[in-house]
Structure formats: C-alpha cells, structure tokens
C-alpha cells in the first residue's frame, strides 16, 4: 500500500502545482505603433508566465474592447473612453515635424506652421482611411494646418521612412524618430509648436470579472514592469 499511497501523494502534489501555476489567455487591442513598443515587455511577461497565452491585435481602429471581447486596449490617454479604468504605460508623447538634411539643403526650413504650404510634405493615411491631421499649438489653442506634397504614405511609419530618404517633411512620433535625430539623419522643425501630451494608457472595463491571467498582467503593469 505504501508505494500506492506515495504515488497518489505525488499526483496530488502535481495537481496542486498546476493549480498554482498562472494560466489562461489575455486578449489586447492596440495601435500598431504601441503594439511594436509593447512587444519587448510582453515577451518578458510571457517568459515569466509560460502558461499564459497572449493575443495582441493591432487593427489601427478604435475598437470597442467590451463588444469585441478584449480584456483591455492600449491607446493614447485622450482616446480612452471615460468609463474605463486607465493605467499609464508611457511618459508624455510628442508628435514632431521632421525632415532630412538633404531636403533642407535645398529648401529654407519653415519657421511657422503656415510655412509648410511652401514645402513638399508627406501626409500619412490612417487605417480608418482618414489622412492624419498635422496639429500644432499656439497660446494654448490647438489648430491644424493642411499640407500637401508629391508623396502620400499609407502609414506614419512609411512617412517617417520617406522623410529619412529626403522626400519631404513628415509629422511623426518622437519615439519613432529619436534614433534618426540622434544620428543626424533627420532634423526636428517647428519644435516650439508641438508640445508633448499625455502618453499611452492600458485601459479596461471597470465593471467586469477579470480572469486570473489578466489580473496578473495588471499587477505586472502597475508594478512598473511594463513601460513603453
């Protein structure tokens, strides 16, 4: 009987161990840029909890996380619905105007947003089909300036690459352009007109039963282990 009891005891220990191991599936919806920035931290989380699966959907649209069955979404603070709980994922963000030294060698750099009318700008079309607005701030008021150019891109990432190649002036996120700016491949323009704004947030419905896997992910975020 002793060997049999020992086997039963070992089996029970295995079962208890499995119960104690965090498991489940987390579904997240995010913008494409935020998803790319999230991946390294997400890889760390998944390495720590190998029994937790993660689906990261990046469709470029402001999905309804409740109706579409997501545990949470990741968006800029200003795009988070007011009835959601929001947790900070990043410091302040900034959209900036950039051009390559090659482009600027042949053109006078704009001094005011209105000067962009005299330049080849690189508009970016968002996944919704809308062309991204170039917004600036003057005396606390935000305003948009219409731009045009020979090259129009299907995403902000492509507009950034086009600017590096000297095709014109682009309006991109600072985090995306930081490396090229440091290397001198891009130059920031109109810096006084593009102040920073609140950054990315993880948001989720307040009145919902959340899975153990998602609660663990929230603890991971709130503990400062995910900053993008």
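In the UniProt record's numbering, the protein residues as written are 1 to 228. We treat Cβ as the ideally placed atom computed from N, Cα and C, and that holds for glycine.
query: CB-CB under 6 Å to residue 30, same chain, minus the five flanking residues each way: which ones, in chain order?
result: 58, 74
- request: Mind reading off the beta-carbon distance from residue 159 to residue 144? Whole number of angstroms is fine, and I expect it under 8 Å.
  value: The pair is not a contact, with the Cβ atoms about 16 Å apart (cut-off 8 Å).
message: By alpha-carbon positions, which one of 80, 53, 54, 106 ends up nearest to residue 65?
response: Across the set 80, 53, 54, 106, the C-alpha of 80 shows the shortest separation from the C-alpha of residue 65.
field: Reference residue 196, options 202, 203, 120, 96, closest by Cα
entry: 96
Residue 90 - partner residues in DSSP beta bridges: Residue 90 is not bridged to any residue.
message: Are the CB atoms of residue 110 and residue 152 within a distance shorter than 8 Å?
response: no
query: On the three-state DSSP scale, how would you describe residue 204?
result: strand
- request: Please go through the same chain and pick out, in chain order, the residues whose beta-carbon is closer than 6 Å to the beta-carbon of residue 18, but skip the five residues on each side of it.
  value: Any reading at residue 18 needs caution, since the residue's pLDDT is 46, under 50, leaving its predicted position unreliable; the model's value is listed next. Answer for residue 18: no residue qualifies.
query: Since residue 99 is in the beta strand (DSSP E), which residue starts that stretch and which ends it?
result: 95-99
message: When you compare the CB positions of residue 98 and residue 188, do they come within less than 8 Å of one another, or not?
response: yes
Three-state class that DSSP yields for residue 186 in the structure shown: coil
- prompt: Hey, would you say residue 213 sits closer than 8 Å to residue 25, going by beta carbons?
  reply: Contact flag set, yes.
query: How many Å lie between residue 154 and residue 127 at the Cα?
result: 8 Å
task: Verify whether the separation of the beta carbon atoms of residue 119 and residue 107 is less than 8 Å.
output: yes
Distance, residue 69 Cα to residue 76 Cα: 20 Å
Alpha helix (DSSP H) segments (min. 4 residues) lying fully within the segment 96-183: 101-105, 156-164, 174-182
query: With respect to the beta strand (DSSP E) encompassing residue 55, which residues constitute its N-terminal and C-terminal limits?
result: First-last of the beta strand (DSSP E) with residue 55: 52-57.
message: Is it buried or exposed, residue 37, if we count other Cβ atoms within 10 angstroms and call 16 or more buried?
response: buried
field: Own chain, CB closer than 6 Å to residue 103, minus 5 neighbours either side, in chain order
entry: 166
- prompt: In its own chain, which residues sit with a C-beta less than 8 Å from the C-beta of residue 14, not counting the 5 before and 5 after it?
  reply: Model confidence at residue 14 stands at a pLDDT of 46, short of 50, so the residue's coordinates are unreliable; what they give is reported in the following sentence. Closer than 8 Å at Cβ, skipping near neighbours: no residue.
- request: Whole angstroms is fine: what's the gap from residue 175's alpha carbon to residue 182's?
  value: Those two C-alpha atoms are separated by around 11 Å.
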